[in-house]
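Position one of the sequence shown corresponds to residue 1 (full-length UniProt numbering), numbered consecutively onward.
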Amino acid sequence: MLRLGRSSKIVLGVIVGIVLVFMYVPLALVVLNAFNSSRIASFPVTEFSLRWWEVAAVSEPIRAAVLNSVIVGLGATVIALILGTLSAFALSRFRFYGKQTVNLLIVLPIALPGVVTGVAFSNTFNSILEPAGIQIGYFGMIVAHATFCIVMVFNNVFARLRRMNPNLQEASMDLGAGIGQTFRLVTFPQFRTAFAAGGLLAFALSFDEVVVTIFTAPPGVDTLPLWILNTMARPNEGNLVNVVATVLILLSLIPVYISQRLSRAEEDE
Numbered sequence: 001m002l003r004l005g006r007s008s009k010i011v012l013g014v015i016v017g018i019v020l021v022f023m024y025v026p027l028a029l030v031v032l033n034a035f036n037s038s039r040i041a042s043f044p045v046t047e048f049s050l051r052w053w054e055v056a057a058v059s060e061p062i063r064a065a066v067l068n069s070v071i072v073g074l075g076a077t078v079i080a081l082i083l084g085t086l087s088a089f090a091l092s093r094f095r096f097y098g099k100q101t102v103n104l105l106i107v108l109p110i111a112l113p114g115v116v117t118g119v120a121f122s123n124t125f126n127s128i129l130e131p132a133g134i135q136i137g138y139f140g141m142i143v144a145h146a147t148f149c150i151v152m153v154f155n156n157v158f159a160r161l162r163r164m165n166p167n168l169q170e171a172s173m174d175l176g177a178g179i180g181q182t183f184r185l186v187t188f189p190q191f192r193t194a195f196a197a198g199g200l201l202a203f204a205l206s207f208d209e210v211v212v213t214i215f216t217a218p219p220g221v222d223t224l225p226l227w228i229l230n231t232m233a234r235p236n237e238g239n240l241v242n243v244v245a246t247v248l249i250l251l252s253l254i255p256v257y258i259s260q261r262l263s264r265a266e267e268d269e
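Encoded structure:
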């Protein structure tokens, strides 16, 4: 077992402390300014108020942006769960020509800069589909998000399938169970935690995506990241953004907690 000396522990402790300060002090400033009565974010806060929380609660643009983000995130997640899982099964269970190429093509979208993906989809929608009379609109944004969300599901499910024992499925079918029954009772329970974790990651990635959304969002449609980006250009509403950001910080604790529970459940299996 590696043992660290006293000086090494002190140095590591200082480094960890500095990293934590850089990570969490900005978040603390966001939360503090969410209760700032001033129009402009500042520190220290001279007067606390719920003024901006009341404005946010009745803001129709914020509600519309949240709804759009949820719809796009759920749509992209559903597509990612289906295609990512099917791709993981195909690449983990079968051998075929070009298997490595297919694997590369599946994971490539997450490696590409968002601006490249956004420009590619924008050119496709505006230069090919629209001249052909196909108005893809809102669904195009969901498809664009799904391309990189698929990777989240694929990586989680593929890694889990690689560790599974295929003899269990074969034994189930030898005992008379059909393909559907075997999948429902034997196969799916073994990778459901990876399936759920991949879905959570896909939704989170889609929910806060901004670069691809800029290029693919239909005119007049704002997701929450786009609303924040546009509102930040108006300094007099900066603390309204801090209110929304504070709510997102609190809500982000939910998927983090669920992911930890799923990871622990997978380790105990």
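Ideal Cβ placement from N, Cα and C applies to all residues, glycine included.
Residues bridged to residue i (per DSSP)
i, result
"Asn-36", "Phe-48"
Whole-angstrom distance between residue j and residue i, CA atom to CA atom
i, j, result
"Arg-6", "Asn-36", "43 Å"
"Pro-109", "Ala-159", "19 Å"
"Pro-131", "Ser-122", "13 Å"
"Leu-129", "Asp-222", "22 Å"
"Pro-26", "Ala-197", "28 Å"
"Phe-188", "Thr-182", "8 Å"
"Arg-39", "Gly-133", "46 Å"
"Gly-140", "Met-23", "35 Å"
"Tyr-138", "Ile-254", "28 Å"
"Glu-54", "Leu-20", "32 Å"
"Asn-126", "Arg-192", "39 Å"
Which listed residue (the options) has its alpha carbon closest to that of residue i
i, options, result
"Leu-86", "Asn-156, Asn-123, Ser-127 and Thr-124", "Asn-156"
"Ala-111", "Asp-208, Leu-185 and Cys-149", "Cys-149"
"Val-115", "His-145, Gly-137 and Leu-67", "His-145"
"Val-186", "Leu-161, Tyr-97, Leu-50 and Phe-207", "Leu-161"
"Trp-227", "Ile-82, Ser-59, Leu-20 and Gln-100", "Ser-59"
"Val-212", "Thr-117, Ser-252 and Phe-195", "Thr-117"
"Met-65", "Val-244, Val-143, Asn-126 and Leu-168", "The displayed chain sequence assigns Ala, not Met, to residue 65. Considering only alpha carbons, the answer is Val-244."
"Arg-184", "Ala-197, Leu-168 and Leu-27", "Leu-168"
"Val-247", "Val-19, Gly-137, Val-30 and Val-21", "Val-30"
"Met-152", "Ala-194, Phe-94 and Gln-181", "Ala-194"
"residue 270", "Asn-236, Ile-79 and Asn-230", "Beyond the ends of the chain as shown, which are 1 and 269, falls residue 270; an answer cannot be given."
"Met-164", "Ile-62, Asn-103, Phe-207 and Ala-88", "Ala-88"
"Ile-214", "Val-102, Ser-69 and Tyr-97", "Ser-69"
"Asp-208", "Ser-252, Asn-242 and Ile-179", "Ser-252"
"Ile-82", "Thr-147, Lys-99, Pro-44 and Tyr-97", "Thr-147"
"Ile-136", "Thr-77, Ile-179, Pro-219 and Phe-94", "Pro-219"
"Phe-154", "Leu-250, Ala-90, Val-14 and Val-45", "Ala-90"
"Trp-52", "Asn-33, Ile-142, Leu-67 and Thr-101", "Asn-33"
"Asn-242", "Ile-254, Leu-224 and Arg-261", "Leu-224"
"Ala-202", "Arg-95, Gly-176 and Ile-142", "Ile-142"
"Ser-42", "Ile-254, Leu-104 and Glu-237", "Glu-237"
"Thr-231", "Ala-57, Thr-46, Ser-49 and Ile-62", "Ile-62"
"Ala-56", "Asn-239, Pro-44, Ile-10 and Phe-94", "Asn-239"
"Leu-205", "Glu-47, Gly-13, Gly-73 and Gly-17", "Gly-73"
Reduced DSSP category for residue i - H, G, I as helix; E, B as strand; rest coil
i, result
"Tyr-97", "coil"
"Leu-29", "helix"
"Pro-218", "coil"
"Asn-103", "helix"
"Val-58", "coil"
"Met-23", "helix"
"Phe-43", "coil"
"Gly-133", "coil"
"Leu-205", "helix"
"Pro-189", "helix"
"Val-14", "helix"
"Pro-109", "helix"
"Val-211", "helix"
Chain C within 8 Å of residue i, Cβ atoms only
i, result
"Asn-165", "Going by chain labels, chain C is absent from the structure shown, which holds only one protein chain."
Q | 4 or more residues per run - each alpha helix (DSSP H) lying fully within the region 140-187 | A | 167-174 and 179-182, all fully within the region 140-187.
Q) Of all the beta strand (DSSP E) runs that stay within the bounds of the region 218-259, which reach a length of 3 or more residues? A) None, since the region 218-259 contains no complete beta strand (DSSP E) of that length.
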